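Residue numbers (the numbering used here), protein chains in the order written: chain A, 39 to 413; chain B, -7 to 484.
Glycine included, each C-beta is placed from N, C-alpha and C at the ideal position.
Model, not experiment: these values are computed from the prediction.
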Amino acid sequence: MRPTPSGLKFLRALLMAAAVIAALWVGLRVLRDPNVFAGLGPSLSKLAQALVAMILGVGGIWALFHAANVMIEALPGRATEFLRPYVFVVPAVAVVGLYLIYPTVGTVVESFTDVPEGADPLTNYRQAFTNQEVLQAMRNNLVWLLIAPAVSVIIGLAFAALVDRVRREAVAKTFVFMPLAVSFVGASVIWRFMYAWKPPGQPQIGVLNAIWVAAGGVLVDLGLLAEVEPVAWLQVIPWNTVALIAIMVWLQVGLAMVILSAAIKGVPPELIEAARIDGASELQSFFRITVPSIWGSILTVFTTIAIAVLKVFDIIFVTTGGNFDTSVVAVRMYQEMFRFRNFGQATTMAVILLLAVLPLMAINIRNLRRQGIGA
Amino acid sequence: MRKRWLIATITALALIVAACGGETAGTTTEATGTTEATGATEAPVTTEAGDTSTTPGAATEPTGYDDLDQALAGEFEGSTVEVWAQWLPESSEASNFTYTLEPFQEATGITVDFQPTPDYETALQVAVDGGNAPDLAQIAQPGKMHQYAESGSLVSLTDWFNTEKLQADMVPAFYELGLFQDDLYGVYYKTDVKSIVWYPVQGFADNGYEVPTTWDDLIALSDQIIADGNGNPWCISIESQEADGWVATDWMEDILLRTAPPETYNQWISHEIPFNDPEVLEAADYMSQIWFTPDYAYGGNTYINATWIGETQDPMFAEGGPQCWMQKQAAWIGGFWGANRDALADDPSLPADQWPIKPETDVDFFYFPPIEEEFGTPVLGAADMFVMFEDRPEVRALMEWLATPDAAAGWIERGGFLSPLTTVPDDWYVYPNTQLSEMVAGATTVGFDASDLMPAEVGAGTFWSGMIDWVAANGENTGEVFQAIEDSWPTG
Chain A
39 MRPTPSGLKF LRALLMAAAV IAALWVGLRV LRDPNVFAGL GPSLSKLAQA
89 LVAMILGVGG IWALFHAANV MIEALPGRAT EFLRPYVFVV PAVAVVGLYL
139 IYPTVGTVVE SFTDVPEGAD PLTNYRQAFT NQEVLQAMRN NLVWLLIAPA
189 VSVIIGLAFA ALVDRVRREA VAKTFVFMPL AVSFVGASVI WRFMYAWKPP
239 GQPQIGVLNA IWVAAGGVLV DLGLLAEVEP VAWLQVIPWN TVALIAIMVW
289 LQVGLAMVIL SAAIKGVPPE LIEAARIDGA SELQSFFRIT VPSIWGSILT
339 VFTTIAIAVL KVFDIIFVTT GGNFDTSVVA VRMYQEMFRF RNFGQATTMA
389 VILLLAVLPL MAINIRNLRR QGIGA
Chain B
-7 MRKRWLIATI TALALIVAAC GGETAGTTTE ATGTTEATGA TEAPVTTEAG
43 DTSTTPGAAT EPTGYDDLDQ ALAGEFEGST VEVWAQWLPE SSEASNFTYT
93 LEPFQEATGI TVDFQPTPDY ETALQVAVDG GNAPDLAQIA QPGKMHQYAE
143 SGSLVSLTDW FNTEKLQADM VPAFYELGLF QDDLYGVYYK TDVKSIVWYP
193 VQGFADNGYE VPTTWDDLIA LSDQIIADGN GNPWCISIES QEADGWVATD
243 WMEDILLRTA PPETYNQWIS HEIPFNDPEV LEAADYMSQI WFTPDYAYGG
293 NTYINATWIG ETQDPMFAEG GPQCWMQKQA AWIGGFWGAN RDALADDPSL
343 PADQWPIKPE TDVDFFYFPP IEEEFGTPVL GAADMFVMFE DRPEVRALME
393 WLATPDAAAG WIERGGFLSP LTTVPDDWYV YPNTQLSEMV AGATTVGFDA
443 SDLMPAEVGA GTFWSGMIDW VAANGENTGE VFQAIEDSWP TG
């Protein structure tokens, strides 16, 4: 019995898919061996490995989708149309499930099960909520949450509204936007120098202390001040947390400004004009017309920054290491995980963070949907 | 599990002693003569290091280690062993270790892919968790080795390593610190003596200051320096990136060894006495005397907390004379003195006698003085071991080689290396290790770094952060700080 043409086509597609999968399998097995390209020398072998991995990764994905597509093309027309979306979406969903949902569920489970034998499942949570250092970290997270997003949005909004009228708007915006391109770690290293402290009498390499001591010196010369001492900004509790929050604001203002600036430009000029004709002042039209019109964008920016703030880790880790009462939940999580190897506590920290972020995510998504972006 | 550490530490009382006595092993703690070996000039080490042979497969004396013998016979030529260590890339330590490995590679034809790794503990942990562990890795904390051994990540050496030879060649305490549940996992490689205080030689001479030999002398000298208007007596700081605070824990440990019996020290580690036992608080009071007496520490408590440990002593080299005069730190600090930092950044392989600020002639050290007579002259030490994650013949060979004096030769030649092996000849050592080995030989007690033996939550957690809080409050919250550390001790 001869197979029908479409059956043959399907068989060929199936073979093709099998070949792609087999090739990927072999390729990945080869890549797992760290010495596979050892003959090329230590640095070149790594480069070769990276190159092969990239070709295999990108090419492999393309080949997989292509094979799947050919396969469903071989099916009768209706089935093709029905299956096509699934073929493209299911792998993505599967990957997200494997790398995001599975670990999340695992983390939650571990936080309840990784307890001393015979102890009840809530042990980790009870420990977390009675440990002074964890409570301190949570309080700090709250302070971050109260200050950083609001300040970032206010400064970003003010700047967006002001530069709207400036002639070299692009140049001005670029300067505010630039920090966004700096990584958290990079920014933290930069600001470590801003806050650096040297003993009195030595040259102050920290910008802030250099200004502080120089300005104070003038006052001392004028007899207005008895003496001026450099300040160890990162050691002064609780202002050191504010100093760290400033780094976050510096990083995020650019984001707020760009999005809000775009939103302001989207406000119909007739509306503002009408308000002005009705006798509204500049400020009135800003607060009564512009701000309400862009409220959705403000909320999006606010929640986006708030999520980043809740997860903040790098800034604290690089500058104070969580000492001097500056720790946050994410830093605790890192310490429990990598320094103390206490998985129960580490996963508990992760779950607490997750629970804190979830409502913000919900607000953010709902808001985006309302704006028709994430529908 | 903790019990085993304790046993190890009790033996650690005898610690390095034999290593320096030059006697063949044995548990004796005789402080035998290393005395003649003071001559820093006779450094026959170079020949020893280069001497193993030039081509793989050249006939050699049996080493007592099977895999190493096979390797020296050229059987594993062309293979590669990956080694990780916490010594930073571009550091003199990494450069010295690379140099030390050369004769092994030449003699066996095995390539050692040595990767000095920043953020070491995390990086290693991630690699092990991800199944990408290096073949060999250096570990400083015995507790870390226990964790890896317990989780089954490590290769046990018991069945194939010539443990009898190792036991005979190595200071017994170090051999035992390499054990976990009676199996050998770690081979100790490098030791550090922490009980030393560095001082500017010329400055002391100019002012007629004498090296103090008792605690009272130390305090009197400190007061004298202040009275003379010579700045502050002490250079102290503890900022160290991820490990802020460890310098303070060393001080606590060193002082506790001087104010309490060794049993107390061990009970403190094993938590048989509370962390804030009165004896420990007494040691804290001694420490406060130096750390928190006004004008004693340069820059006060802010300086202590704000200054990176590599720059602690910078004021000692200020133009116009030292602004701080004494620094308690292990021998590695020499590479960080003022201009030495830059010189070594340019050329990490620069030998100590070519540094801008020279150890011994410019800056010398004295033994951190004893406090209570009945506890004699103790020494605080720490050490690095190597552990094995992959079992291949060439990896075994390198592991075995690391337990031979040849593996110490190169680094001893470069300076700053003290081996736990008793088979390393005394006369290989030069300043300061000749002096250090004598100091250890004369020690009544040798304590292993307590914070490295405590559970990580304390030893690498609250003990560190507690010391920072203590300094931040200028020592006024001693009770609270030590109570908080006690409360943080993991239960169960």
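Cβ neighbour criterion (16 or more within 10 Å) applied to G13(B) | In this prediction, G13(B) scores a pLDDT of 37, lower than 50, which makes its location untrustworthy; the coordinate-derived value is nonetheless stated afterwards. Looking at its Cβ environment, which holds 16 or more other Cβ atoms inside 10 Å, G13(B) is buried.
So what does T103(B) bridge to, in DSSP terms?
-> T72(B)
Are at least three pairs of beta-carbons, each pair with one atom in the region 297 to 305 of chain A and one in the region 355 to 373 of chain A, less than 8 Å apart?
-> These segments do not touch.
Assuming G239(A) and F231(A) form a contact by the criterion Cβ under 8 Å, report the distance between their Cβ atoms to the nearest whole angstrom.
-> Actually they are not in contact, since the Cβ atoms of G239(A) and F231(A) sit about 20 Å apart, beyond 8 Å.
Can you find a heavy atom of the ligand NAP that lies under 7 Å from the Cβ of I59(A)?
-> Of ligands this structure carries none, so the ligand NAP is not represented either.
DSSP puts I188(B) in a beta bridge; with which residues?
-> I188(B) pairs with Y359(B).
Below-8 Å beta-carbon distance, F197(A) vs any chain B residue = no
What does a CB cutoff of less than 6 Å around G122(B) pick up in its chain, not counting 5 residues either side in sequence?
-> none
Would you list, in chain order, the members of the region 204 to 236 of chain A that have their beta-carbon closer than 7 Å to a beta-carbon of chain B?
-> W235
Min CB distance N278(A) to chain B below 8 Å | no
Could you tell me which chain B residues have their CB closer than 8 Å to the CB of Q273(A), listed as they occur along the chain?
-> T294, N297, A298 and A464
Name, in chain order, the residues that DSSP records as bridge partners for N162(A).
-> Per DSSP, none; premise fails for N162(A).
Between the Cα of A344(B) and the Cα atoms of I261(B), P270(B), L273(B) and P424(B), which residue gives the shortest distance?
-> P424(B)
Between F362(A) and N247(A), which are expected to be in contact by the criterion C-beta below 8 Å, what is the C-beta distance as a whole number of angstroms?
-> Going by Cβ atoms, the distance from F362(A) to N247(A) rounds to 17 Å, so no, they are not a contact pair.
For V189(B), which residues from the same chain have a beta carbon less than 7 Å from its beta carbon, with the 5 sequence-adjacent residues on both sides left out?
-> M318, Q319, K320, F357, F358 and F360
Roughly how many whole angstroms lie between the Cα atoms of A301(A) and I285(A)?
-> 25 Å
For N224(B), the first and last residue of its enclosing alpha helix (DSSP H) | Taken as a continuous stretch (DSSP letters only), N224(B) belongs to no alpha helix (DSSP H), being part of the beta strand (DSSP E) at N224 to W226.
What's the call for Y233(A), buried or exposed, on a 16-neighbour Cβ count within 10 Å?
-> buried
G471(B) to A465(B) span [Cα, whole Å] = 12 Å
Take L342(B) and list the residues in its own chain whose beta-carbon comes closer than 8 Å to its own, dropping the five residues that flank it on each side.
-> Here the set comprises S84, A335 and L336.
Mind pulling the chain A residues with CB within less than 8 Å of D338(B)?
-> Ordered by position in chain A, no residue passes the 8 Å Cβ test against D338(B), which lies about 21 Å from the chain.
In chain A, what lies closer than 7 Å to G291(B) by C-beta?
-> Listed along the chain, the chain A residues whose CB falls inside 7 Å of the CB of G291(B) are P237.
Can you tell which of E74(B), N88(B), F96(B) and L80(B) has its C-alpha closest to the C-alpha of G66(B)?
-> F96(B)
Should N162(A) be flagged as near chain B, meaning a C-beta pair shorter than 8 Å?
-> no
Is the distance from the Cβ of Q290(A) to the Cβ of I343(A) below 8 Å?
-> Using a Cβ distance threshold of 8 Å, Q290(A) and I343(A) count as a contacting pair.
What residues in the region 338 to 359 of chain A have a beta carbon less than 7 Å from any beta carbon of chain B?
-> Correct list: G359.
Between S149(A) and the rest of its own chain, which residues show a CB-CB distance below 6 Å, the 5 nearest in sequence each way excluded?
-> The answer, listed in chain order, is N162, T385, T386 and V389.
Using the rule of at least 16 other Cβ atoms within 10 Å of the residue's Cβ for burial, across every protein chain shown, is V370(A) buried or exposed?
-> According to the sequence as given, residue 370(A) is Arg; it is not Val. The residue is buried, with at least 16 neighbouring Cβ atoms inside 10 Å.
Closer than 6 Å by C-beta to A125(B): which residues in its own chain qualify, once you throw out the five before and the five after it? Chain order, please.
-> A119 and F381
Thinking C-beta only, is I218(B) closer than 8 Å to Q281(B)?
-> no
Measure the C-alpha to C-alpha separation of L46(A) and A112(A) and round it to an integer number of angstroms.
-> 9 Å
Can the beta-carbon of A270(A) be found closer than 8 Å to that of W235(A)?
-> yes
Straight-line CA distance for V201(A) to A208(A)?
-> 9 Å
From the DSSP output, which residues share a beta bridge with E231(B)?
-> W300(B)
Would you kindly work out how many angstroms separate the C-alpha atoms of T369(B) and P362(B), rounded to a whole number?
-> 6 Å
Starting from the beta carbon of N380(A), find every residue of chain B whose beta carbon is closer than 9 Å, and list them in chain order.
-> Near N380(A) (Cβ distances below 9 Å), the residues of chain B are A448, E449 and P482.
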